[in-house]
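Residue numbers (the working numbering): 475 to 671.
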């Protein structure tokens, strides 16, 4: 895994260092416009927060949760950021090269050049979020740790794009296909079979 910071970049005037668009590749059913992508991601994030907050709220109402003092709040704020960083590092581990950019009016963005099979792509997107998001969330519910639950929600909510990627891969990619990133969109294609065997 290599992470390279490329500085500021305006995608409208400078191309991103990505894979070549392969013949017959099909784009995931996702917006090509960054603003529309951000809106879609925000909606999914809001839905995730609503779904995960209800059990935590019921825990507060009907069970003896941990003390909600400011020291706990600060501790779990730090924990939330640590869990998020760990989940992303776990995911980045599978990428050969990652290019990080500072894009005006958008923020930081990363692109990668690694291709993945359907199963591996789904696993790469899900496993970090399960380990560092859903598992701590489950512990928070069983152990009545409200702020741990908030930290876990922070991780899962910030992984909305991962869940969207999993959905597209599961629904759209046929068996034997591979996916890759081109510009800011994911594509899939069926590798040509070797007829020399």
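Beta carbons are placed, not taken as given, at the ideal position from N, Cα and C, and that holds for glycine.
If you're wondering where the values come from, they're calculated on a predicted model, not measured in any experiment.
Chain-order list of residues whose beta-carbon lies under 7 Å from that of residue i (same chain, five-residue window excluded)
i: residue 529; result: 615
i: residue 519; result: 631 and 634
i: residue 640; result: 596, 599 and 600
i: residue 533; result: 539, 615, 618 and 620
i: residue 547; result: 621
i: residue 558; result: 628, 629 and 632
i: residue 671; result: Caution applies to residue 671, whose pLDDT of 45 falls short of 50 and renders its modelled position unreliable; the model cannot decide the point.
i: residue 523; result: 627 and 631
Contact set for residue i: own chain, Cβ-Cβ below 6 Å, skip 5 residues either direction
i: residue 653; result: 590, 595, 660 and 662
i: residue 495; result: 656
i: residue 554; result: 625 and 628
i: residue 482; result: 576
i: residue 564; result: 602
i: residue 551; result: none
Beta-carbon spacing of residue i, residue j below 8 Å
i: residue 634; j: residue 506; result: no
i: residue 607; j: residue 626; result: yes
i: residue 561; j: residue 610; result: no
i: residue 613; j: residue 622; result: yes
i: residue 642; j: residue 512; result: no
For residue j and residue i, believed in contact at Cβ under 8 Å, the rounded distance
i: residue 508; j: residue 658; result: 6 Å
i: residue 586; j: residue 567; result: That pair is no contact at about 12 Å.
i: residue 592; j: residue 526; result: Actually they are not in contact, since the Cβ atoms of residue 592 and residue 526 sit about 27 Å apart, beyond 8 Å.
In DSSP terms, what residue i is bridged to
i: residue 444; result: This structure gives no information on residue 444, because the portion of the chain shown stretches from 475 to 671.
i: residue 504; result: According to DSSP, which records beta bridges pairwise, residue 504 is partnered with nothing at all.
i: residue 482; result: 576
Own chain partners of residue i with C-beta closer than 8 Å, once the 5 adjacent residues on each side are dropped
i: residue 498; result: 663 and 664
i: residue 669; result: For residue 669, the predicted model reports a pLDDT of 48, less than 50, meaning its position is unreliable; a value from the coordinates is still stated below. Excluding sequence neighbours, residue 669 sits near nothing in its chain.
i: residue 500; result: 646, 661, 662 and 663
i: residue 537; result: 618
i: residue 549; result: 621
Contact test: residue i Cβ vs the ligand MN heavy atom, cutoff 7 Å
i: residue 566; result: As far as ligands go, the structure on display features none, and thus does not contain the ligand MN.
Whether or not the segment 616-623 and the segment 559-577 are in contact is what I'm after, with contact meaning three or more pairs of Cβ atoms, one per stretch, closer than 8 Å; do they touch?
no
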